[in-house]
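**Q** Here you go, one structure.
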Amino acid sequence: MADSQRRVFDDRYREGTPPWDIGRPQAELVALAEAGEIVGDVLDVGCGTGENALHLAALGKRVMGVDGSPTAIARALEKAAARGLQVPFLVADALDLKALHRRFETAVDCGLFHVFDRADRRTYAQSLTEVLSPGSTLHLLCFSDEEPPGPGPHRISESDVRDAFRSIFALTRLREARFERLGAEPARAWLATLVRI
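In our numbering, each number is its position in the sequence shown, counted from 1, plus 562.
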């Protein structure tokens, strides 16, 4: 992610609570965990203030959260300490995940993919191959192209998902979902499950 884009997101956290920071885990992530679809060591990419990662940690999962915003990471660390949970939260660039020097069985992305333009989406998919071994799973929640135009992230089509991950991940599920947000009705979204080839 470009430095200017990282600063924009960090500013949003410093100025208050951005609409994607709902103060609880996304319902779609909770359902995935309840269904047993989040296994092994977990990476929460674009973790924000950590609600999804903290939920998984409370369930006994080994999870790491990364985000480009130092302010969001500081808040996530405060929440972890207040809840007595040991979760490593790190400032990291999702377009350069090899810097983590770790592998995970599952990655979750609730609201990061849709901030990238077409070129960066492909770079992001390539970056994920540095932390996900063949057979590992990515669960991705993003705004869909069924969400009406307006402010906020890119609206993502089915072909956008397929194109970004083509030849490096197999798309095993793509279904309509809801992306919860603060002070507004949930946005129309996609929930994609992809397996690293």
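From the three backbone atoms N, C-alpha and C, an ideal C-beta is built for every residue, glycine too.
What residues in its chain sit with their C-beta under 7 Å from that of residue 571, if we drop five residues either side in the sequence?
**A** 630 and 631
**Q** Would residue 587 be called buried (16 or more neighbouring beta carbons within 10 Å of its own) or exposed?
**A** Sixteen is the threshold: when 16 or more other Cβ atoms of the shown chains lie within 10 Å of the Cβ of residue 587, as they do, the residue is buried.
**Q** Do you know how far the Cα of residue 577 is from the Cα of residue 567?
**A** 15 Å
**Q** For residue 735, which three-state DSSP category applies?
**A** strand
**Q** State the beta-bridge partners of residue 670 as determined by DSSP.
**A** Beta-bridge partners of residue 670 (DSSP): 606 and 701.
**Q** Give me whichever residues DSSP pairs with residue 627 in a beta bridge.
**A** 606 and 651
**Q** Quick one: Cα of residue 675 to Cα of residue 708, how far?
**A** So the two alpha carbons sit approximately 16 Å from each other.
**Q** To the nearest whole angstrom, what separates the beta carbons of residue 673 and residue 727, a pair I think is in contact under 8 Å?
**A** Contact flag wrong, Cβ pair sits at about 17 Å.
**Q** With respect to the alpha helix (DSSP H) encompassing residue 581, which residues constitute its N-terminal and C-terminal limits?
**A** No alpha helix (DSSP H) contains residue 581, which DSSP labels as neither H nor E.
**Q** With distance defined between alpha-carbon atoms, name the residue in 624, 575 and 645 nearest to residue 633.
**A** 575
**Q** Since residue 574 is in the alpha helix (DSSP H), which residue starts that stretch and which ends it?
**A** 565–576
**Q** Quick test of your reading: residue 751 and residue 705, contact by CB under 8 Å. State the CB separation rounded to the nearest angstrom.
**A** 6 Å
**Q** Please report the distance separating the alpha-carbon of residue 681 from that of residue 715.
**A** Distance from the CA of residue 681 to the CA of residue 715, rounded to the nearest whole angstrom, comes to 15 Å.
**Q** Return yes when the Cβ of residue 618 is within less than 9 Å of the Cβ of residue 702, no when it is not.
**A** no
**Q** Do the region 689–697 and the region 582–601 meet, that is, are 3 or more Cβ pairs less than 8 Å apart?
**A** no
**Q** I'd like the list of long-range same chain contacts for residue 648, defined as Cβ closer than 6 Å, with 5 residues on each side in sequence excluded.
**A** none
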